[in-house]
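Enquirer: Counted the way our numbering counts, the sequence shown spans residues 1 to 209.
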Amino acid sequence: MSDKRPFLTGEIGRQLIHMLTGAGFIIAIYLSGDHAVPVFAVLLAVAVFMSVLFKQPDISRKTPGIFRRFARPRIQTVKMQGTILLLSGVLVTLFFFPRNIAYASVAIVALGDSIATVVGVLIGRHRLPYSKSKTVEGTVSGLAAAFAGALLFVSPVQAAAGALGGMFIESVIKLQTVRKVSLTGLIKFFLNDNFLIPVFSAMVMFAIR
Numbered sequence: 001m002s003d004k005r006p007f008l009t010g011e012i013g014r015q016l017i018h019m020l021t022g023a024g025f026i027i028a029i030y031l032s033g034d035h036a037v038p039v040f041a042v043l044l045a046v047a048v049f050m051s052v053l054f055k056q057p058d059i060s061r062k063t064p065g066i067f068r069r070f071a072r073p074r075i076q077t078v079k080m081q082g083t084i085l086l087l088s089g090v091l092v093t094l095f096f097f098p099r100n101i102a103y104a105s106v107a108i109v110a111l112g113d114s115i116a117t118v119v120g121v122l123i124g125r126h127r128l129p130y131s132k133s134k135t136v137e138g139t140v141s142g143l144a145a146a147f148a149g150a151l152l153f154v155s156p157v158q159a160a161a162g163a164l165g166g167m168f169i170e171s172v173i174k175l176q177t178v179r180k181v182s183l184t185g186l187i188k189f190f191l192n193d194n195f196l197i198p199v200f201s202a203m204v205m206f207a208i209r
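#1: Expressed to the nearest angstrom, what Euclidean distance is found between the alpha-carbon atoms of residue 54 and residue 157?
#2: If you follow the alpha helix (DSSP H) that residue 55 is in, where does it begin and where does it stop?
#3: Have a look at residue 127 and residue 135 and give me their C-alpha separation to the nearest angstrom.
#4: May I ask which residues mark the beginning and end of the alpha helix (DSSP H) holding residue 188?
#5: Assuming residue 80 and residue 47 make a contact with CB atoms under 8 angstroms, what is their CB distance in whole Å?
#6: Considering only the alpha carbon of each residue, which of 131, 96, 78, 183 lies closest to residue 202?
#7: Would you call the stretch 189 to 199 and the stretch 160 to 171 in contact, with 3 or more CB pairs under 8 angstroms?
#8: Select from 206, 33, 125, 143 the residue whose C-alpha is nearest the C-alpha of residue 114.
#9: Would you mind working out which of 132, 124, 112, 123 sits nearest residue 151, comparing C-alpha positions?
#10: Relative to the C-alpha of residue 94, which candidate in 183, 41, 51, 184 has its C-alpha closest?
#11: Give the range of the alpha helix (DSSP H) segment to which residue 114 is assigned.
#12: Where DSSP assigns a beta bridge to residue 127, which residues make up the other side?
#13: Using 8 angstroms as the threshold, is the C-beta distance between residue 19 and residue 116 below it?
#14: Take residue 160 as the anchor and find which of 145, 174, 172, 171 has the nearest alpha-carbon.
#15: Does DSSP put residue 198 in a helix, a strand or coil?
#16: By the DSSP assignment, the alpha helix (DSSP H) with residue 163 in it spans what residues?
#17: Residue 99 lies in the alpha helix (DSSP H); which residues open and close that run?
#18: Mind checking whether residue 91 and residue 37 have CB atoms under 8 angstroms apart?
#19: So what's residue 210 in DSSP terms, helix, strand or just coil?
#20: Taking the alpha carbon of residue 78 as the reference point, which residue from 51, 172, 121 has its own alpha carbon closest?
#21: In whole angstroms, what separates the C-alpha of residue 29 from that of residue 206?
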């Protein structure tokens with residue numbers, strides 16, 4: 001059990017940051033009003049710049065401890081990959097969908113993805129038949145959390161559909177490791193739940209509005 005403790009602590013910490021980031025994004029969307037798209041475009045540009053900056057050997061050693069503690073260097077070779085992808089997903093939803101759907105899609109990825117991961121790691125025992133890396137307990141818990149979060153912004157039917165769509169993506173998408181800059185690497189980079197969950201759930205909710 002002691003061997004698992006650092007992993008559990010790191011995973012729970014990552015997901016807590018993920019939820020807080022989602023809440024922060026919702027507040028930022030609200031406060032920025034009609035300027036939400038340019039604001040998030042600037043945030044994305046800053047995140048990309050920091051990612052490139054932290055990749056430099058002399059600066060990488062000085063990276064803040066919180067980034068090193070919760071990073072996944074063996075899987076995510078791009079610094080701040082999760083933040084960049086989440087910002088990209090939010091930016092797409094803000095550009096193409098109504099504001100309430102954008103809010104709901106952020107709530108779905110922030111709550112559903114995080115709760116599913118934490119519950120799956122802590123008490124998950126039964127594997128999904130179509131995804132051996134995900135558990136029934138985690139997915140059901142994530143679905144409930146995603147629905148509750150989305151319900152604050154859209155109708156019950158939209159919230160249920162968006163949560164189902166988002167959690168389906170969460171359960172089938174695996175983290176991809178990008179080894180080099182190429183078209184395949186770019187596809188792998190965006191084949192990530194932080195980007196796909198908000199975009200796909202927004203599409204589903206918009207389709208049944």
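Glycine included, each C-beta is placed from N, C-alpha and C at the ideal position. As the structure is a prediction and not an experimental result, all values here were calculated from the model.
Expert: This is what the structure gives:
#1: Going from the Cα of residue 54 to the Cα of residue 157 covers about 43 angstroms.
#2: 36 to 55
#3: As the crow flies, the alpha-carbon of residue 127 is around 4 angstroms from that of residue 135.
#4: 183 to 190
#5: 6 angstroms
#6: Among 131, 96, 78, 183, the Cα nearest to that of residue 202 is on 96.
#7: yes
#8: 143
#9: 112
#10: 41
#11: 113 to 123
#12: 135
#13: no
#14: Relative to the Cα of residue 160, the nearest Cα in the group 145, 174, 172, 171 belongs to 145.
#15: helix
#16: 156 to 172
#17: 99 to 107
#18: yes
#19: Residue numbering for the chain in the displayed model covers 1 to 209; residue 210 lies beyond these limits and cannot be assessed.
#20: 51
#21: 18 angstroms
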